[in-house]
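Line by line, the protein sequences are chains D and H. Position 33 (the first sequence) corresponds to 664 in our numbering; numbering is contiguous. Position 145 (the second sequence) corresponds to 147 in our numbering; numbering is contiguous. These notes are about the structure you will find just below.
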Amino acid sequence: MSSSTLGFLVRRSSAAALLVFIVLSFTFFFIHLAPGDPTLVLQDPRLTGEQREAMRSAYGLDRPLAAQYLSWLRAVVFDADWGISYVHSRPVTEVIADYAMPTLLLAGAGLLIQFGVGLLAGVAAARHVGTSRDHLIRLTAMVLYSLPVFWTGLMALLLFSYNWSLFPPGHLRSIDAASLSPIARAIDLLHHLALPALVLGLAAAGGTARFTRNSLLEELGQDYIRTARAKGLSESRIVWVHALKNAAAPILQLFGLSLPLLLSGALVVEVVFSWPGLGRLTFDSILSRDYPVVLATTALTGVLVVIGNLVADLLHGVTDPRVRQ
Amino acid sequence: MLTLVSLLVLSFACQRGDQQGETATRSATPLRGGTLVVAISNDIHGINPLISGADSQTTAVLDRLFLHLFEEQPDYHEHPPTFAPSLVESFEWSADATLLELELRSEVSWSDGVPVTAEDVRWTWQAQTDPDLAWGYAQSKENIRDVEVTGPHSLEIHFHRASPSQLADLNEGVILPRHAWGDLPFAEWRSNESWFVEQLVVNGPFDLESWTRQEQIVLRRNEAFPRPGLPRVDRVIYRVVPQKQNQIGELLAGEVDFVEQVPPSEVGRLEQREIQILRFWARQFNYICWNTGRPLFADPEVRRALTLAIDRQEIVDALWYGFARVAVSPFLTSTWAHDPDLEALPFDLEASRRILQSKGWSDTDQDGILDLEGQPFSFELITNTGSPVRNDAAVMVQEHLRRAGIQVRLRQLEFNTVVSRALEHDFDALLGGWDIDTSMDLTYAFHTESIEDGYNFGQFSDPEVDRLIDAANLETDPIVRVQQLREIEAIVHRTQPYTFLWEPQRLSAASKRLRDATPSSVSPYFRLEDWWLAGVD
């Protein structure tokens, strides 16, 4: 790794850490300032004020907000201790570990579909610009991008699960998955993953396809492309090797920006498809004022977004020598 | 607590019995075996009932794992609810009703074979009342002075005083295993939920086979359960399906057998597909709470005029398809405490106008809104998001009051924000609902002491009501107590601190193979061990 790349990584990582810290601090104060607290949401209405105060004391909520913030920050920074979930009554890291994998699986599969389908469709549209194929791809992309994921998910369930029984009606696995062989379990997982990942990925693929098409069209109009054609290079090689490489920079930026959108989209898909994951956990935690879990999921999401952007920048550097310099 | 109530509606098909508007699945000679699959909206919060909050879903599941001392019966229509022995074999009161002698059933054991003893009961009480643990229902134990073990299966419960809710208070919470969970100090319980799962032993009809968080909870028959032949099903799987529409879709697809709180719009479709619809009267009423601390609602006559101007029957018909009824008072009309001669105030727009006119309200500037000393009769009505039926009801109330010359500004707020503003009395009027128990103790929302320390959101204060509530909470003579409660009901009815809107029924849907399911207001899974599946091998 060159010293310039290392310096770039250090600069970006420092900025990213600062960004995550600011986001977490804002989240801490905003969630604590929101009306209500866990003792109101979780407990019996007959709880007296004295008992509620005892509970607040047990949760450490009776101390000044600044003191709560400092002790929380100290525990996170020095002990990597994210606290105890008020709702789940166990360490937050354990709770997050339970829910992170299904979300990462779903978002990862969605990302794969988004960029796989989006790139292919965008390239196909650019190569046949102005033709009926181009119009069809653009129209389909627009429709996919415009439809709310919630509605698409419900329709997909209705048609492909309830009516035609092609896919299971949501969930991460079948009821009896534990009794299956490892291979059968993997197939069962993929079967359950297919529909929600398609719904999540295809919606975003519409935007990626249009982005790719426009970016590629700009490159295909450049002089070096004309030269390549004059030299007799095949159209496929011109598009896939030369033009797409130079058109990749904005698409890679889109990749970084897609992560937060996919994570928020995953929340909707998780609810519609009864998929366990961070989205549902975060949503429920906000409603029940489970502050430690909200802060930890925010941190995790922030770190993922930062990593996504960092990877996008690095890939940009790989594809564009000017950035490396 | 204010409740987020889903749309409910009721119907009936293929049921046996229809007393008091409550139904159950059809019956026949029971079969043993099979797996019952139940759709639930949320995962449970934990396996230890004392640290898992007041979430009804969690309670419904954990009550299948652990036994109470008694089993509350859903028979409170004509008299206070009775309690059938469960862990208790027999009991005897002292003459002054401050001492209760209990004899536990000696044949009941934990799933690891260790007998359930009186020590478990005493230790559970210590956990329930431990200040470090801060159990949410600890107040129910305040009247218990001591729990004394007098033998392996014998106990004496010492109360501070006799009260009508002694058995209900004693029965609050299930009995937990001291030998399995006693090693961990109470102060550490709230941070070690996983430990309780690892050390779990049960004494209820079912044992925990597996729990995949946010996916499913699998219960299997507890072979050590002492009632012969029960439970009838081998396993119960609670499948987490957050969306109600998906729950119904899975029911119709044959993936699940039982869905709770079915929306009214689905009843017809479900009946056409031979799905059984089960119903019972929920222990819930919905209301508009008037903030009597604000001048606009300080006068009982004005509050009465507001109630008269709201067509509550139209709300019930339009939003509940008739499967609810107009509420009369904080005592549900299906309970023993309600005075059957007391009827809901009628919808009478003319009477409402006359009252308001007598109080000086008139439309002097001809803008369609009543005014008094230059101030229009205009206020904000808040309700929580996430409850379509409440939001629709708020719109109907707005229209009804507009006809009376009153301007209502609607505002939907997130649930926690509504609760927070209600506790701070920072609202004009609030459309909400109460899920209530059978104690008939109205202290929570109608006693003056609950204005500062409780849920008397509307700051209602009536010395006579306070006196009667206090007296009724100590009165052990049921005849005298009924008179006291009905006096309270009459005052509340007359002064209308709330406009009582509706009492809903609660609908469940069951696959046609499910038999002897008897959801009730005690629990939607009441006596789950008796439920069985037709067509199993």
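A virtual CB, placed ideally from N, CA and C, is assigned to each residue, including glycine.
In this structure, R241(H) and V258(H) form a Cβ contact; the two beta carbons are roughly 6 Å apart against a cut-off of 8 Å.
About 7 Å separates the Cβ atoms of L824(D) and L736(D), confirming a contact at the 8 Å cut-off.
When the Cα atoms are used, V903(D) and T214(H) turn out to be separated by approximately 19 Å.
Segment contact: the segment 480-500 of chain H against the segment 286-306 of chain H, three or more CB-CB distances shorter than 8 Å; contact assigned. For T950(D), the uninterrupted alpha helix (DSSP H) run begins and ends at Y922 to T950, by DSSP. Residue nearest to I493(H) within the set W127(H), P465(H) and A512(H) is P465(H) (criterion: CA-CA distance). For the pair of segments examined, the segment 805-822 of chain D was found not to touch the segment 724-734 of chain D: the number of CB pairs separated by less than 8 Å stays below three. Close CB contacts of I277(H) within its chain, under the 6 Å cut and outside five residues either way in sequence, are with A511 (chain order). A distance of 8 Å or more separates the beta carbons of V399(H) and V391(H). Partner residues in the beta bridge of N386(H), as assigned by DSSP, are L415(H). I662(D) is outside the set of residues whose beta carbon lies under 8 Å from a beta carbon in chain H. A136(H) reaches chain D at Q682, A685, M686 and A689, counting residues in chain order whose Cβ is nearer than 7 Å.
The alpha carbon of S96(H) has as its nearest neighbour, out of I159(H), P133(H) and P83(H), the alpha carbon of I159(H). The beta-carbon of P76(H) is placed no less than 8 Å from the nearest beta-carbon of chain D. Across the structure, F161(H) and L433(H) are spaced so that their CA atoms are roughly 38 Å apart.
Per DSSP, Q745(D) is one residue of the alpha helix (DSSP H) stretching across V723 to R758. In the structure shown, G435(H) adopts extended strand secondary structure according to DSSP, grouped into three states. For E105(H), the enclosing beta strand (DSSP E) stretches over residues L101 to L106. Here E211(H) is near R237(H), since their CB atoms are less than 8 Å apart. For the pair of segments examined, the segment 837-851 of chain D was found not to touch the segment 715-729 of chain D: the number of CB pairs separated by less than 8 Å stays below three. DSSP places F462(H) in the coil class of the three-state scheme, outside both helix and strand. Sixteen is the threshold: since fewer than 16 other Cβ atoms of the shown chains lie within 10 Å of the Cβ of G761(D), the residue is exposed. Put simply, of S54(H), T119(H) and F188(H) the residue whose alpha carbon is nearest the alpha carbon of D134(H) is F188(H).
Residue environment: V774(D) is assigned as exposed (fewer than 16 neighbouring CB atoms within 10 Å of its CB, all protein chains considered).
DSSP places F914(D) in the helix class (H, G or I) of the three-state scheme.
Against chain D, the beta carbon of P133(H) has neighbours under 8 Å at A685, listed in chain order. Sixteen is the threshold: when 16 or more other Cβ atoms of the shown chains lie within 10 Å of the Cβ of F208(H), as they do, the residue is buried. Pairwise C-beta distances place the segment 893-912 of chain D out of contact with the segment 706-716 of chain D, as fewer than three of them are shorter than 8 Å.
When the beta-carbon positions are compared, F333(H) and E491(H) come within less than 8 Å of each other.
When CB distances to chain D are screened at a threshold of 9 Å, the residues of the segment 209-225 of chain H falling below it are S212, T214, R215, Q216, E217, Q218 and V220, in chain order. S336(H) is classed as buried because its beta carbon has at least 16 other beta carbons within 10 Å across all chains shown. Under the criterion of beta carbons closer than 8 Å, P76(H) and S523(H) qualify as touching, at roughly 5 Å. Neighbours of S720(D) in chain H, taken as residues whose beta carbon is under 8 Å from its own, are H47, G48, N50, I53, S54, W191, R192, S193, N194 and E195 in chain order.
Residues of the segment 797-818 of chain D whose Cβ lies closer than 8 Å to any Cβ of chain H, in chain order: P800, G801, H802, L803, R804, I806 and A809.
Within the same chain, T950 come within 8 Å of K876(D) by CB-CB distance, once the 5 residues on both sides are set aside. For P813(D), no beta strand (DSSP E) encloses it; the enclosing alpha helix (DSSP H) starts and ends at P813 to L851.
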